[in-house]
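Engineer: Take the sequence shown: its position 4, counted from the start at 1, is 9 in my numbering, and no numbers get skipped. Where a beta carbon is used, it is the ideal one built from N, C-alpha and C, also for glycine.
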Amino acid sequence: MRRLTAENRLHPAELILPLFVREGTSEPLPIQSMPGVVQHSIDSLRRAVTDAATAGLGGVMLFGVPERRDATGTGAIDPDGILNIGTRAVVEEVGDALVVQTDLCLDEFTDHGHCGVLDASGRVDNDATLLRYRDMALAQAEAGSQLLGLSGMMDGQVAAVREVLDAAGHIDTAILAYAAKYASAFYGPFREAVDSQLSGDRRSYQQHPANRREGLREATLDLAEGADVLMVKPAMSYLDVLSDVAAISDVPVWAYQVSGEYAMIEAAAAHGWIDRGRAIEESLIGIKRAGADAILTYWALEIANSLR
Ligand code: PBG
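Take a look at the structure:
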């Protein structure tokens, strides 16, 4: 009876696995603050996406970890930058079995760790950053990414990327807009995962955790600019925002269960303070209940396999 009357359930096709690919390594390297998650080599990335396809996941979201960084994030635009190389390898490996998605943001590639380029006074320059995002979008589309994850929170980024994609004939490359992305402490472990160079914070472009209405405003703007999917991030502390966005959106709405959410449950479970399996499942079904059509989660593969 309980199963039959459940209002929500998890399905592998609605789970997306974030993956990190590191330049210059031949072995996968563990990430201390995210037990079970690694920085992949190209070879181990190929194996990981094959497993993801076999498990029936909806997609993978790729992040690059370059060896060298500079002020403008050149590695993000270089066709031979690690993220673009990784994307080509993944597309070659799994083709259309998964939706291959890429993080479109400069923070992994800049030596100051910000999501954009800086002006003379050291502030993130929104409009100069849009020019870099346009080039990055072309590089990613040419590498075979099917869905570009615009996570930088620059104003006007969706419109800028849509325009350049269409002009270059990439009319089938879709845009996932991190519409409501909050300046969150829960990104902590991710900064280790990508060897982030950031000192300071992202509060001049990411949202204030106190603001709910503003999340809806950001989502509405991205819809108007041509977003194909909207994302709310992080998930657990922003379920009200997720619910608001799901209520107004006429495109799919996803949520990102971020690194800190993963680390909290893993750490508590490792101490024996929480039932790991039940806590993971409850955290995910709560995100579904709040209105997510699909979820990015570092547990995607494990959950998908347990559902089969
Ligand atoms: C930016 C980006 C971040 C995350 C995804 N994309 C970091 C940030 O905004 O500081 C965080 C994901 C996570 O914590 O799991 N490229």
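#1: When you compare each of R8, N13 and R7 to R294 by their alpha carbons, which one comes out closest?
#2: Please state if the CB of V258 and the CB of P239 are separated by a distance shorter than 8 Å.
#3: Closer than 8 Å is the cut-off here; do at least three beta carbon pairs connect the region 83-100 with the region 222-230?
#4: What distance in whole Å lies between the Cβ atoms of A53 and R93, which are believed to be in contact at a cut-off of 8 Å?
#5: Note down the Cα distance separating D280 from E286, rounded to an integer number of angstroms.
#6: Starting from the N-terminal side, write out each stretch of the alpha helix (DSSP H) that is 4 residues or longer and does not extend beyond the region 128-209.
#7: Look at the alpha carbon of A173 and the alpha carbon of A142, and state the distance between them as a whole number of angstroms.
#8: Which same chain residues end up closer than 6 Å to H175 when comparing Cβ atoms and leaving out the 5 residues on each side of it in sequence?
#9: Any heavy atom of the ligand PBG inside 7 Å of the beta-carbon of Y210?
#10: Among the candidates S156, T178 and R128, whose CA atom is the shortest distance from the CA of S204?
#11: State the DSSP-derived secondary structure class of D255, mapped to helix, strand or coil.
#12: So what does T79 bridge to, in DSSP terms?
#13: Considering only C-alpha positions, which residue in the set L235, Y267, A273 and L244 is nearest to D255?
#14: Report the CB separation of D233 from L181 in whole angstroms; it is logged as a contact under 8 Å.
#15: For G69 and L88, which I take to be in contact (beta-carbon distance under 8 Å), what is that distance rounded to the nearest angstrom?
#16: Please find out if some non-hydrogen atom of the ligand PBG comes closer than 7 Å to the beta-carbon of R341.
#17: Rounding to the nearest angstrom, what Cα-Cα distance links R139 and A57 in this structure?
#18: Per the DSSP calculation, A299 is bridged to which residue(s)?
Structural biologist: This is what the structure holds:
#1: Here residue 294 refers to the residue found at position 289 of the sequence shown. It is N13 whose Cα lies nearest to the Cα of R294.
#2: Numbered from its first residue, the sequence shown carries residue 239 at position 234. Numbered from its first residue, the sequence shown carries residue 258 at position 253. Contact: no.
#3: no
#4: Locating residue 93 in the sequence shown gives position 88, where the first residue counts as 1. Locating residue 53 in the sequence shown gives position 48, where the first residue counts as 1. Contact doesn't hold; Cβ gap of about 15 Å is too wide.
#5: In the sequence shown, the residue the question calls residue 280 occupies position 275. In the sequence shown, the residue the question calls residue 286 occupies position 281. Going from the Cα of D280 to the Cα of E286 covers about 10 Å.
#6: 131-148, 162-172 and 193-198
#7: By 1-based counting over the sequence shown, the position of residue 173 is 168. By 1-based counting over the sequence shown, the position of residue 142 is 137. Near 11 Å, if we compare the C-alpha coordinates of A142 and A173.
#8: The count along the sequence shown starts at 1 and reaches residue 175 at position 170. Taken in chain order, the residues that qualify are A146.
#9: In the sequence shown, residue 210 corresponds to position 205, counting from 1. No - the ligand PBG has no heavy atom lying nearer than 7 Å to the Cβ of Y210.
#10: Translated into the one-based positions of the sequence shown, residue 204 becomes position 199. Answer by Cα proximity: R128.
#11: The count along the sequence shown starts at 1 and reaches residue 255 at position 250. If DSSP states are grouped into helix, strand and coil, D255 belongs with coil.
#12: Stepping through the sequence shown from its first residue, residue 79 is reached at position 74. Per DSSP, none; premise fails for T79.
#13: Working through the sequence shown from its first residue, we reach residue 255 at position 250. D255 has its Cα closest to that of L235, out of L235, Y267, A273 and L244.
#14: The residue labelled residue 233 in the question sits at position 228 within the sequence shown. The residue labelled residue 181 in the question sits at position 176 within the sequence shown. That pair is a contact at about 7 Å.
#15: Against the sequence shown, residue 69 aligns to sequence position 64. Against the sequence shown, residue 88 aligns to sequence position 83. Contact holds; Cβ gap of about 3 Å.
#16: There is no way to answer for residue 341, as the model of the chain reaches only from 6 to 313.
#17: Numbered from 1 along the sequence shown, position 134 holds the residue referred to as residue 139. Numbered from 1 along the sequence shown, position 52 holds the residue referred to as residue 57. Using only the alpha carbons, I get a separation of about 29 Å.
#18: Along the sequence shown, one-based indexing puts residue 299 at 294. Note: A299 sits in a beta bridge opposite W259.
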